[in-house]
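Sequence positions in the sequence shown follow this note's numbering and run 138 to 282.
All residues carry an ideal CB built from backbone N, CA and C; glycine is no exception.
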Amino acid sequence: MTPGQFIDAALWFPEADESEPFGPGALVYKVAGQKMFALLTGGTDQGGEDDAPATVNLKCDPDLALELRDRYPAVTPGYHMSKKHWNSVLLDGTVPDDEVAEMLRHSYVLVASSLRRADRDRVLAVLGDDAPDLGGAGTAAPEQA
Numbered sequence: 138m139t140p141g142q143f144i145d146a147a148l149w150f151p152e153a154d155e156s157e158p159f160g161p162g163a164l165v166y167k168v169a170g171q172k173m174f175a176l177l178t179g180g181t182d183q184g185g186e187d188d189a190p191a192t193v194n195l196k197c198d199p200d201l202a203l204e205l206r207d208r209y210p211a212v213t214p215g216y217h218m219s220k221k222h223w224n225s226v227l228l229d230g231t232v233p234d235d236e237v238a239e240m241l242r243h244s245y246v247l248v249a250s251s252l253r254r255a256d257r258d259r260v261l262a263v264l265g266d267d268a269p270d271l272g273g274a275g276t277a278a279p280e281q282a
C-alpha cells in the first residue's frame, strides 16, 4: 500500500479527519475530531521518491497485536506509542494491502468504540460492515445502510 492509498483509506471512514499536530511529516487521523486512530510518518510525498518507506501506527487489540507481529516482520510494537495497544506497520509492500486495510478498520473501530455514546453510535452506524475500496475510489464516504 502506498502512502497515498493509505491516506485515501484513512479519510474514507465516517468523520475521519487529518491534521499535523506534531508538525510537518506526521499525519494524524482522528475520528469525530476527538481521538487518533492512525499516525502516518514518512513517504507522504505521494509520487516522489523517499529514502525509506512510510510507517503507520495503528491501535490494536493486545492479543491480535502480538499475532500480527509474529506473522509479519514489518509489524512491530508501536513507535512512540503504547507497545501493548499500538502497532507500527512499515508500508514496504510485505504486508498485503487488504491486511493493512483490515488493520486500519480495526483501529478505527477500537477508537470509535471508546467515544462517548452519542458520537460512538453515530459513526459506527454509518460505518456498518463496509471497508474502504483500495482500487482507487476509496475517498467517498460510505452510505448509510
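Less than 8 Å between the C-beta atoms of D256 and A169, yes or no?
yes
Can you list, in chain order, the stretches of the alpha helix (DSSP H) that have 4 or more residues and sit fully within the segment 207-260?
234-250
Is E204 helix, strand or coil when you go by DSSP?
helix
I'd like to know whether the C-beta atoms of P210 and T231 end up nearer to each other than 8 Å.
yes
DSSP three-state call for F143: helix, strand or coil?
helix
Let me know if S250 comes out buried or exposed under the rule of 16 or more other beta-carbons within 10 Å of its beta-carbon.
exposed
Considering just the uninterrupted stretch of the beta strand (DSSP E) at E155, what are its terminal residues?
A153 to S156
Look up M173 in the DSSP assignment and give the residues it is bridged to.
K167
Within its chain, find whatever has a CB closer than 8 Å to the CB of P199; leave out the 5 residues flanking it on each side and keep chain order.
K221 and H222
What is the DSSP secondary structure of L271, counted as helix, strand or coil?
coil
Neighbourhood of P151 by C-beta distance below 6 Å, restricted to the same chain and skipping five residues each side
V260, V263 and L264
Let's test the definition: count the other Cβ atoms within 10 Å of the Cβ of D145 and tell me whether it reaches 16, buried, or not, exposed.
buried
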